[in-house]
Every structure is written in structure tokens, then in C-alpha cells.
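Enquirer:
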Amino acid sequence: MKYDVVVVGAGPAGSTAAKFLSEKGVKVLLIDKNKFPRDKPCAGGISTKTLKRFKYIQDDWIESYSYATYTHSSSLKYKFELQRDEPLIAMILRKKFDYELVKLAISSGTTFLDAKSAEDIKILDNKVKIILKNGANIESEIVIGADGVWSTIAKKSGLRNNTKNICICLFEEYPMNSKTIEQFLDKKRICHIHLNVNKITGYGWVFPKKEHVNIGITQFQQALDSSKGRTNLKNTYETYIKILKENKIIPENLKIGKIRGAALPTCPFEKTYSDRLVLCGDAAGFANPLSGEGIYYAMSSGKIAADVVTEALEEENTNNKFLSRYQTIWYRDFGRDLKSLYNISMIWGKDNEKLFRIISKDKKLSELAVEVIIGQIDVQKCIGKIKRRVAYLIVKDKLV
4 MKYDVVVVGA
14 GPAGSTAAKF
24 LSEKGVKVLL
34 IDKNKFPRDK
44 PCAGGISTKT
54 LKRFKYIQDD
64 WIESYSYATY
74 THSSSLKYKF
84 ELQRDEPLIA
94 MILRKKFDYE
104 LVKLAISSGT
114 TFLDAKSAED
124 IKILDNKVKI
134 ILKNGANIES
144 EIVIGADGVW
154 STIAKKSGLR
164 NNTKNICICL
174 FEEYPMNSKT
184 IEQFLDKKRI
194 CHIHLNVNKI
204 TGYGWVFPKK
214 EHVNIGITQF
224 QQALDSSKGR
234 TNLKNTYETY
244 IKILKENKII
254 PENLKIGKIR
264 GAALPTCPFE
274 KTYSDRLVLC
284 GDAAGFANPL
294 SGEGIYYAMS
304 SGKIAADVVT
314 EALEEENTNN
324 KFLSRYQTIW
334 YRDFGRDLKS
344 LYNISMIWGK
354 DNEKLFRIIS
364 KDKKLSELAV
374 EVIIGQIDVQ
384 KCIGKIKRRV
394 AYLIVKDKLV
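Following the working numbering, the numbering of the sequence shown begins with 4 at its first residue and continues without gaps.
1) In this structure, how does DSSP classify Ser414 when only helix, strand and coil are distinguished?
2) Okay, do the region 133-150 and the region 213-229 touch, 3+ Cβ pairs below 8 Å being the bar?
3) Near Ile204, which residues of its chain fall below 6 Å by C-beta distance, leaving aside the five closest residues on each side in sequence?
4) Measuring alpha carbon to alpha carbon, tell me which of Ser348, Ala13, Asn164, Ala20 ends up nearest Lys38.
5) Using the Cα positions of Lys58 and Leu341, report the straight-line distance between them to the nearest angstrom.
6) Secondary structure at Asp42, three-state DSSP: helix, strand or coil?
7) If I follow the unbroken beta strand (DSSP E) through Gln330, where does it start and stop?
8) Please say whether Leu24 and Ala309 have beta carbons closer to each other than 7 Å?
9) Spatial neighbours of Asp336 within its chain, please: CB distance less than 7 Å, with the 5 preceding and 5 following residues excluded, ordered by chain position.
10) Is it the case that the Cβ atoms of Leu173 and Leu236 are separated by a distance below 7 Å?
11) Return helix, strand or coil for Val29, following the three-state DSSP convention.
12) Could you tell me which uninterrupted beta strand (DSSP E) segments, each at least 3 residues in length, are contained entirely in the region 358-392, listed from first to last along the chain?
13) Are Ile133 and Val9 closer than 7 Å when you measure CB to CB?
14) Pull up the DSSP beta-bridge partners for Glu176, would you.
15) Taking Trp333 as the reference, which of Gly305, His197, Glu319, Glu317 has the closest Cα?
16) Check whether the Cβ atoms of Asn149 and Gly17 lie closer than 7 Å to each other.
17) Under the rule that 16 or more other beta-carbon atoms within 10 Å means buried, what is Met4, buried or exposed?
18) Short check: CB of Tyr329 to CB of Val311, under 7 Å?
19) Mind checking Tyr206: buried by the 16 CB within 10 Å criterion, or exposed?
20) Does DSSP put Tyr243 in a helix, a strand or coil?
21) Report the option in Leu33, Leu358, Glu356, Asn256 whose CA atom is closest to the CA atom of Met179.
22) For Asp400 and Lys366, I'd like the C-alpha separation in whole angstroms.
23) Looking at the structure shown, is Ile298 part of a helix, part of a strand, or coil, going by DSSP?
24) In the DSSP assignment, find the alpha helix (DSSP H) that holds Arg87 and state where it starts and stops.
25) For Gln222, list the residues DSSP reports as bridge partners.
26) For the structure I just gave you, are there three or more beta carbon pairs, one from the region 87-99 and one from the region 110-122, closer than 8 Å?
27) Less than 7 Å between the beta carbons of Leu293 and Ile246, yes or no?
28) Taking contact to mean 3 or more Cβ pairs, one atom from each stretch, closer than 8 Å, check whether the region 358-377 and the region 74-87 are in contact.
29) In this structure, how does DSSP classify Glu319 when only helix, strand and coil are distinguished?
30) Report the option in Asp7, Pro268, Tyr6, Ile259 whose CA atom is closest to the CA atom of Cys45.
31) I need the straight-line Cα distance from Ser160 to Asn322, nearest angstrom please.
32) Looking only at its own chain, which residues have a Cβ that is under 6 Å from the Cβ of Gln383, when we skip the five neighbours before and after it?
33) Between Asp42 and Leu396, what straight-line distance do the alpha-carbon atoms span, to the nearest angstrom?
34) Relative to the C-alpha of Val11, which residue among Asp285, Asn217, His215, Leu198 is closest?
35) Please classify Lys3: does DSSP put it in a helix, a strand, or coil?
36) In or out: Ile259 buried (at least 16 other Cβ within 10 Å) or exposed?
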């Protein structure tokens with residue numbers, strides 16, 4: 004089998020890349036190790052800027068919208084409230100959302116091969132060989148690695164050299180009828196975020212959907228103090244459920260079932276391309292280091308990869324130097340935001356109670372902080388303003 008481009012991984016990054024490549028007349032094969040439709044460990048909240056950038060996302064792919072978020076301090080003494088008439092977060096079920104993106108790629112001309120696992124790649128002078136688990140070989144001019152945080156393509160190409168920058172999540176998707184959801188989380192489908200639950204270097208969340216509520220916790224490894232020992236995340240999750248019940252955020256009779264786990268990247272790789280190869284989405288380390296949200300960066304990098312790869316094929320130049328354009332473009336697009344957010348994410352490893360108290364007194368600043376966390380606005384547009392305002396409030400607090 005011979006193609007212009009093989010895309011490994013049919014999540015949002017891979018499907019987006021395949022769609023835009025196929026629309027440009029490129030012969031594309033999209034492969035995934037799982038049989039579709041398949042579920043994917045995920046909280047299921049995506050930023051509204053994803054919908055604005057990719058206007059072809061259909062409304063019936065979205066489970067529900069949240070119009071309010073409550074962000075709580077670790078002691079629960081302080082709270083940021085953000086409410087809007089327009090949606091703040093869109094809620095999805097990955098089983099449906101990802102499959103719709105795959106079908107869109109297929110309708111654009113992509114060949115899709117599911118339940119096939121890529122085990123190795125060989126980058127040669129005149130082609131790339133992708134070796135499947137069953138021993139079959141697929142040849143192409145270029146390969147796009149979009150196969151997740153533990154990407155085989157990234158590992159075999161030598162572009163992934165460490166796994167330090169990740170966050171670990173535990174969560175469960177609880178079926179719940181709409182009436183009960185509205186009773187506890189209002190018609191606005193209030194999202195709750197609890198900072199540093201049980202002293203973890205991260206947060207807990209409650210994401211209401213149409214007939215599900217996703218509840219989870221996440222710990223950011225980059226902010227961990229290794230000298231303090233390891234946290235038992237399962238115990239923390241159970242503690243979080245108790246806190247939610249005590250504060251009447253979820254029903255008292257909700258029972259913990261089979262908790263699922265996931266890992267997400269929190270820092271882009273130093274290099275996301277090589278001869279005849281580029282990496283997208285989680286496989287390249289693209290996710291919000293402060294919140295863990297990754298679909299916006301997955302789809303954005305997939306579109307950028309499609310544009311650069313199309314140029315490379317047209318120019319008949321698939322070498323390392325030409326494909327470096329990909330990294331230049333994604334860095335200008337969202338890379339500077341990810342760098343700033345990574346630096347801010349170290350705050351998860353600190354006691355934020357005092358800072359939270361100070362910020363909570365300033366409504367405009369607290370709303371701005373939440374908008375950054377949930378991906379409503381780009382951090383580069385407001386980071387200077389936030390820093391200056393926080394500094395002013397800290398000085399003011401000391402003088403009072």
C-alpha cells in the first residue's frame with residue numbers, strides 16, 4: 004500500500020490533519036489502533052475558541068454548554084464566580100465527537116483503517132515505511148504522528164526523550180438524568196473547579212453534560228515536590244467525592260464505580276519534526292499545561308501540519324529543513340501561550356490560599372483568571388495585565 008501521507012492516530016489531531024490534506028487532493032491513509040467508534044479517557048470539556056476556529060463542528064456533536072463556572076479555593080472559603088449569557092465551555096462525549104471528525108475526514112477523501120496498530124517506522128531516503136503489528140508495511144512520502152501522549156511514532160523517531168512533563172488524571176463519567184443535573188448544577192450547567200484538592204498539585208472538576216456528569220482530579224507532575232513523597236490519587240478522588248456531597252454539588256446517593264485514569268502532556272517537545280515526519284496533538288506535547296485541555300491544540304496543530312505537508316509535497320521537498328516550517332508556525336500560533344502557561348502552572352505546587360483570597364476581592368481580575376484557565380482568552384493578550392494587577396493587590400493587602 005502506498006500513500007502520499009499516512010496519519011497515525013485518529014483523534015482530533017489526526018482526523019483534522021487528514022481532512023485538510025484530503026481536501027487539497029493529497030492521497031491520505033488514516034490509521035488507528037482502536038476500532039471506531041471508541042471511547043477516550045477525557046473530561047470532555049472543550050474551549051469555545053475551538054468552536055470559533057473550526058466552524059464545521061456541528062451543534063449536535065456537542066452534549067451541552069456550560070454558562071457558569073465556580074472556582075473554589077482549597078479551604079472552600081473563597082470562590083470565583085464567572086457567568087455569561089454566551090457559553091463558557093462546550094461539553095462533549097469523545098466517543099461521538101472523535102467519530103464525527105473521522106467521518107468528516109472520510110467524506111473528504113481519506114482512507115480510514117481502524118483496529119490496526121503501528122509498531123515501528125523506518126524513515127528512508129525516498130520514503131517512509133510504517134510497520135503494522137500484523138507485519139504489514141505501508142509506504143508514504145510523509146508520516147504524521149498523532150497517536151497520543153505515549154506516541155509510538157514520537158518514540159521510534161527519537162523526538163520523545165522524556166515523560167516528565169505530564170499530568171495524571173482520575174475520573175469517571177456518571178450517568179445522570181437532566182432533571183437531577185439541573186437540580187444540583189442549575190440550568191446553566193455550572194462547572195465546579197476545586198483547587199489543590201487534598202493538597203494535590205492540581206485540581207478537581209465537575210463537568211455537567213446532557214445526561215452525564217464527569218468528575219475527576221488531575222495532578223501536574225511538573226509542579227510536584229519529589230521530597231514530599233507520592234500522593235495516593237485514588238484516596239484523593241474518594242475524598243473529593245465526599246467534599247462534593249457535603250457541599251450538595253452532587254447527589255448523596257452517587258456511588259463511585261470504576262475510576263478511569265489518563266495521562267496528558269504539559270510541555271511541547273523541543274522538536275516536533277524530522278525528515279518526512281511531523282508530530283501533532285498529544286504526540287507532540289500539545290495541551291494546556293495549566294488545565295490539561297488539549298483538543299484546541301490538537302486540531303490547530305493538525306490543520307497547520309496539513310498546510311505545511313501539502314507544501315512539502317508540492318515542492319517535492321520533505322526534508323528536515325523544509326518541515327521545520329511546521330514548528331515555526333505552531334509556535335507563533337499557540338506555542339508562546341503554552342510556554343507562558345507552563346510557567347504559570349508551577350503555581351499548582353504552592354499554597355495558593357492567600358493569593359486566592361486577594362484575587363477574589365477583585366471581580367474583574369478573578370473573572371479574567373478563570374477565563375485564562377478555561378481557555379476563553381489567549382494568555383498573551385492579558386498576562387501583563389494580570390501580573391500588574393496581582394502585584395498591586397498584594398501590595399495593597401500588606402498595607403491594610
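From the three backbone atoms N, C-alpha and C, an ideal C-beta is built for every residue, glycine too. Every value quoted in this text rests on a predicted model; they were computed, and no experiment measured them.
Expert: In short:
1) There is simply no residue 414 to check, as the chain begins at 4 and stops at 403 in what is shown.
2) no
3) First, the amino acid is wrong: residue 204 is Thr here, not Ile. Counting only Cβ-Cβ distances below 6 Å, and skipping sequence neighbours, we find Gln222, Phe223, Ala226, Leu227, Trp351, Gly352.
4) Ala13
5) 23 Å
6) DSSP, reduced to helix, strand and coil, places Asp42 outside both helices and strands of the structure shown, so it counts as coil.
7) That residue, Gln330, is in no beta strand (DSSP E); its alpha helix (DSSP H) goes 323-333.
8) yes
9) Ser303, Ile307
10) yes
11) coil
12) none
13) yes
14) Asn217
15) Gly305
16) Position check: residue 149 holds Ala in this sequence, whereas Asn was assumed. Cβ atoms of Ala149 and Gly17: closer than 7 Å.
17) exposed
18) yes
19) Result: buried.
20) helix
21) Comparing Cα positions, the closest option is Asn256.
22) Spanning the two alpha carbons is a distance of roughly 16 Å.
23) helix
24) Premise fails: Arg87 is in no alpha helix (DSSP H) and is neither H nor E.
25) Ile171, Gly205
26) no
27) No, the pair does not count as a contact, with Cβ atoms beyond the cut-off.
28) yes
29) coil
30) The option with the nearest alpha carbon to Cys45 is Pro268.
31) 14 Å
32) Arg339, Asp340
33) 45 Å
34) Asp285
35) A query on residue 3 cannot be resolved here, the shown segment of the chain reaching from 4 to 403 and no further.
36) With a threshold of 16 other beta carbon atoms within 10 Å, Ile259 falls short and is exposed.
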